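Asks: This is the structure I have questions about; it appears just below.
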Amino acid sequence: MKPASETAVRPARSVRGSVSLPGDKSISHRYAMLAALAEGRSRIANYSTGADCASTLGCLRGLGVKWERKDSDNIIEIHGTGSSLTASGTPLDCGNSGSTIRMLSGILAAQPFMSELGGDESLSRRPMRRVIEPLTAMGGTIESHDGHPPLRIRGSRLKGIHYRMPVASAQVKTCLLFAGLLAEGETKIEEPLRTRDHGELALRAFGARVERSGNEVRIQGGQRLQGIESRIPGDLSSAAFFLCAAGLFPDSQLTISDVLMNPTRARLLDILIRVGLRIMVTQLEEAHGELVGTLQVEGGRLKGAMVAGADTAALIDEIPVLAAIAPYTEEGIEIRDAKELRVKESDRIAAIVKNLRAMGAQVQEREDGLKIPGQQKLHGAEIESFGDHRIAMAFSIAALRASGESVIRNSECAAISYPEFFSTLEKLVER
Ligand code: S3P
């Protein structure tokens, strides 16, 4: 085991400069999996540099997929198998990645062989019944450890289903769309709230027909995919840390180029504008159905916000950093309907509460949310990341406006989604 790392973060005066970010994590997983199922070669530039997306590539290699990294622009070339994956002789290691295990389960449930999927300690605590139940209804056979990984999947011929998802989860939706692609007949999925639509857009990019009406998506089984050439937009969830950091200081001026602007992901921007940031979007373009743009951000007066319902679901990954800047707003931030945060890479509600309190902040914890009053003064503290990348990065941002230095424990976990985070942050902050 590698020794745990610590990173010290000192207070800052402003955030200034320009940055572009490694490719979006959600899109990287999906493109890699679909490229593996497609016919022909795919060339994917700006593939996520995070360990999670490397876990997906590692699993694909275990399943007989050939791919190579090229020297520049984080290009991955994947040689499609035309859907004929081969059994891995050993368990597939999904690392820390819920996306890998859930989405890949949809593909493996339809393969004519057995697979075992597992991962690290955090992944072994994540709920998997949400994919096991619908995949079983499609004809798959999946054994688990009381609804948790490791999963043993006996692949078989699947039948399409009409399924109403009880939880709003894009990972589950994508898992079922991938299973539906490989199943007989039509699969229709109804989501309780609109979740990120990268699964649908990626399938279309690779040539499949996916139809949507309202909160329902449909896919016909047996469609063939073709390899693509694409450049993945910068990860908006990684951009969130720098956007919030810029918001902490009136003198900030930050440009983030080539960043994902997909409307099902960009709710954070609406909330930050509501909170008081000045954000301008320029150079909006489309690439394989995904919107990409440049963000120009200036700090201002941070008011406050209440985030609930569909907004919470739409910015679920950005809530840790929103909570981390909440004490510095004038009116505070309240988050509701966020029960899902309890079953992410860590119990993120508990992790936020513990770290805010360590920094001297007041916060009210609820089963499904948080209430964080504004106008608080925080001091530097020892931050416990709980091995959760978004907690480590969120509290590095909180540390920028605290008095005194903070130390982020187990800070290496930032590499799960964004290995370059601390070095980029240091380049952007002025002290
Ligand atoms: C993701 C969906 C969300 C999100 C995760 C990535 C995706 O998870 O939290 O980081 O790529 O589909 P859920 O599907 O569990 O909500």
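Just so we're aligned, residue 3 is where the sequence shown starts under our numbering, counting upward by one.
For each residue, glycine too, the CB sits at the ideal point set by N, CA and C.
All figures in this text were calculated on a predicted structure; none of them were measured in a lab.
Please say whether threonine 88 and aspartate 54 have beta carbons closer to each other than 8 Å?
Replies: Position 52 of the sequence shown, counted from the start, is the residue given in the question as residue 54. Position 86 of the sequence shown, counted from the start, is the residue given in the question as residue 88. Cβ atoms of aspartate 54 and threonine 88: not closer than 8 Å.
Asks: Suppose contacts are defined by Cβ-Cβ distances below 8 Å. Is proline 136 in contact with isoleucine 163 by that definition?
Replies: Against the sequence shown, residue 136 aligns to sequence position 134. Against the sequence shown, residue 163 aligns to sequence position 161. Yes, the pair counts as a contact, with Cβ atoms nearer than the cut-off.
Asks: Just the C-alpha distance for isoleucine 78 and tryptophan 69, rounded to the nearest angstrom, thanks.
Replies: The sequence position of residue 78 within the sequence shown is 76, counting from 1. The sequence position of residue 69 within the sequence shown is 67, counting from 1. If I take the Cα positions, the gap works out to 7 Å.
Asks: Comparing C-alpha positions only, which one of Gly42, Ser22, Ala47 sits nearest to isoleucine 29?
Replies: What you label residue 29 is simply residue 27 of the sequence shown in a count that begins at 1. Cα-wise, what sits closest to isoleucine 29 is Ala47.
Asks: Which whole-angstrom value is the C-beta distance of glycine 295 and threonine 284, which I expect to be below 8 Å?
Replies: Within the sequence shown, numbered from 1, the residue matching residue 295 stands at position 293. Within the sequence shown, numbered from 1, the residue matching residue 284 stands at position 282. Rounded, the Cβ-Cβ distance is 7 Å, consistent with contact.
Asks: Do you know offhand how far methionine 308's Cα is from serine 146's?
Replies: The residue given as residue 308 occupies position 306 in the sequence shown. The residue given as residue 146 occupies position 144 in the sequence shown. Using only the alpha carbons, I get a separation of about 38 Å.
Asks: In the stretch 106-171, which residue ranges form an unbroken alpha helix (DSSP H) of at least 4 residues, counting only runs that do not cross its ends?
Replies: You should have 131-139.
Asks: Assuming arginine 433 is part of the alpha helix (DSSP H), what are its boundary residues?
Replies: On the sequence shown, residue 433 is found 431 positions in, with the first residue counted as 1. Careful: arginine 433 lies outside any alpha helix (DSSP H) and carries neither H nor E.
Asks: Alpha carbon to alpha carbon, how far is lysine 305 from alanine 383?
Replies: Translated into the one-based positions of the sequence shown, residue 305 becomes position 303. Translated into the one-based positions of the sequence shown, residue 383 becomes position 381. Going from the Cα of lysine 305 to the Cα of alanine 383 covers about 25 Å.
Asks: Alpha carbon to alpha carbon, how far is glycine 291 from glutamate 41?
Replies: Residue numbering aside, residue 291 sits at position 289 when the sequence shown is read from its first letter. Residue numbering aside, residue 41 sits at position 39 when the sequence shown is read from its first letter. Cα to Cα, glycine 291 sits roughly 20 Å from glutamate 41.
Asks: At a cut-off of 7 Å, would you count alanine 47 as near the ligand S3P, judging by its Cβ distance to the nearest heavy atom?
Replies: The residue you call residue 47 lines up with position 45 of the sequence shown. No, since every heavy atom of the ligand S3P falls outside the 7 Å radius drawn around the Cβ of alanine 47.
Asks: In whole angstroms, what is the alpha-carbon distance linking methionine 3 and valine 277?
Replies: Reading the sequence shown from its first residue, position 1 is the one you call residue 3. Reading the sequence shown from its first residue, position 275 is the one you call residue 277. Because the pLDDT at methionine 3 is just 46, under 50, the model does not fix this residue reliably, and the point stays unresolved.
Asks: Under three-state DSSP, which class holds isoleucine 230?
Replies: The residue you call residue 230 lines up with position 228 of the sequence shown. Coil at isoleucine 230, not helix or strand.
Asks: If you count every other CB in all the chains shown that lies within 10 Å of the CB of proline 168, and 16 or more means buried, which is it?
Replies: Taking the sequence shown and counting its residues from 1, one reaches residue 168 at position 166. Proline 168 comes out exposed.
Asks: So, alanine 210 versus leucine 183, is the Cβ gap smaller than 8 Å?
Replies: Numbered from 1 along the sequence shown, position 208 holds the residue referred to as residue 210. Numbered from 1 along the sequence shown, position 181 holds the residue referred to as residue 183. Going by C-beta atoms, alanine 210 is nearer than 8 Å to leucine 183.
Asks: Any idea what DSSP makes of glutamate 367, helix, strand or coil?
Replies: Taking the first residue of the sequence shown as position 1, residue 367 is located at position 365. Here glutamate 367 sits in strand by DSSP.
Asks: Determine which residues share a DSSP beta bridge with alanine 360 and list them.
Replies: Within the sequence shown, numbered from 1, the residue matching residue 360 stands at position 358. In DSSP, alanine 360 forms no bridge with anything.
Asks: So is the beta-carbon of alanine 353 under 7 Å away from any non-hydrogen atom of the ligand S3P?
Replies: As a first step, residue 353 must be located in the sequence shown, where it is residue number 351. Not so, every heavy atom of the ligand S3P lies at least 7 Å from the Cβ.
Asks: For valine 212, is the beta carbon positioned less than 7 Å from some heavy atom of the ligand S3P?
Replies: As a working note, residue 212 is residue 210 in the sequence shown. False, no ligand heavy atom lies under 7 Å from that Cβ.
Asks: With DSSP as the reference, please indicate the residues paired to leucine 263 in a beta bridge.
Replies: Start at 1 with the first residue of the sequence shown, and residue 263 comes out as number 261. Reading off the sequence shown, one finds methionine at residue 263, where the question assumed leucine. In the DSSP output, where bridge partners are listed per residue, methionine 263 has none listed.
Asks: Between arginine 156 and the rest of its own chain, which residues show a CB-CB distance below 7 Å, the 5 nearest in sequence each way excluded?
Replies: The sequence position of residue 156 within the sequence shown is 154, counting from 1. For arginine 156, where only same-chain residues beyond five positions count, the Cβ hits under 7 Å are Met116, Thr143.
Asks: Is it true that the stretch 107-124 meets the stretch 317-332, where meeting means three or more beta-carbon pairs spaced less than 8 Å apart?
Replies: Result no; under three Cβ-Cβ pairs closer than 8 Å.
Asks: How far does the alpha helix (DSSP H) with alanine 316 in it reach, from first residue to last?
Replies: Working through the sequence shown from its first residue, we reach residue 316 at position 314. 311-316 is the span of the alpha helix (DSSP H), which, as asked, contains alanine 316.
Asks: Here's a check: name, in chain order, each residue in its chain whose Cβ is nearer than 6 Å to the Cβ of glycine 406, leaving out the five neighbours to either side.
Replies: Indexing the sequence shown from 1 puts residue 406 at position 404. Excluding positions up to five away in sequence, the list reads His381, Gly382.
Asks: Kindly identify the DSSP beta-bridge partner or partners of glutamate 213.
Replies: Translated into the one-based positions of the sequence shown, residue 213 becomes position 211. Paired residue(s): Arg220.
Asks: Quick check: the Cα distance between methionine 140 and threonine 331, rounded to an integer number of angstroms?
Replies: Residue mapping note: residue 140 aligns to position 138 of the sequence shown, counting from 1. Residue mapping note: residue 331 aligns to position 329 of the sequence shown, counting from 1. Going by the C-alpha atoms only, they are around 48 Å apart.
Asks: Leaving out the 5 sequence neighbours to the left and right, which residues in its chain are closer than 6 Å to serine 16 when beta-carbon positions are compared?
Replies: In the sequence shown, the residue the question calls residue 16 occupies position 14. Here the set comprises Phe251, Asp253, Ser254, Glu432.
Asks: Assuming contact is defined by CB atoms lying nearer than 8 Å, are cysteine 177 and valine 212 in contact in what I supplied?
Replies: Residue 177 sits at position 175 when you count from the first residue of the sequence shown. Residue 212 sits at position 210 when you count from the first residue of the sequence shown. Not in contact: cysteine 177 and valine 212 (Cβ atoms no closer than 8 Å).
Asks: So what's isoleucine 275 in DSSP terms, helix, strand or just coil?
Replies: One-based indexing of the sequence shown puts residue 275 at position 273. Three-state result, isoleucine 275: helix.
Asks: Could you check if proline 265 is buried or exposed, using at least 16 other CB atoms within 10 Å of its CB as the buried criterion?
Replies: Here residue 265 corresponds to residue number 263 of the sequence shown, with the count starting at 1. Counting Cβ neighbours within 10 Å, proline 265 comes out exposed, since fewer than 16 surround it.
Asks: Please list, in chain order, all residues of the same chain as serine 240 whose beta carbon is under 6 Å from its beta carbon, the five residues on each side excluded.
Replies: Here the question's residue 240 lines up with position 238 in the sequence shown. Cβ neighbours of serine 240 beyond the five flanking positions: Leu23, Tyr420.
Asks: Less than 7 Å between the CB of arginine 196 and some heavy atom of the ligand S3P, yes or no?
Replies: Here residue 196 is taken as the residue at index 194 of the sequence shown, counted from 1. Incorrect: arginine 196 has no Cβ contact closer than 7 Å to the ligand S3P.
Asks: Can you list, in chain order, the residues of its chain whose CB lies under 6 Å from that of methionine 395, leaving out five sequence neighbours each side?
Replies: In the sequence shown, residue 395 corresponds to position 393, counting from 1. Contacts found: Phe243, Ala416, Phe423.
Asks: Can you look up valine 67 in the DSSP assignment and give me helix, strand or coil?
Replies: For the purposes of this step, residue 67 is identified with residue 65 of the sequence shown, where counting begins at 1. Reduced to three states, the DSSP call for valine 67 is coil.
Asks: Mind checking whether the beta-carbon of valine 174 lies closer than 7 Å to any heavy atom of the ligand S3P?
Replies: Your numbering for residue 174 matches position 172 in the sequence shown. Yes, the Cβ of valine 174 comes within 7 Å of a heavy atom of the ligand S3P.
Asks: Where does methionine 3 fall in DSSP's three states?
Replies: Numbered from its first residue, the sequence shown carries residue 3 at position 1. Since pLDDT at methionine 3 reaches only 46, below the 50 mark, its modelled position is unreliable, and the value read off the structure follows with that caveat. Looking at methionine 3 - three-state DSSP - the assignment turns out to be coil, as it is neither helix nor strand.
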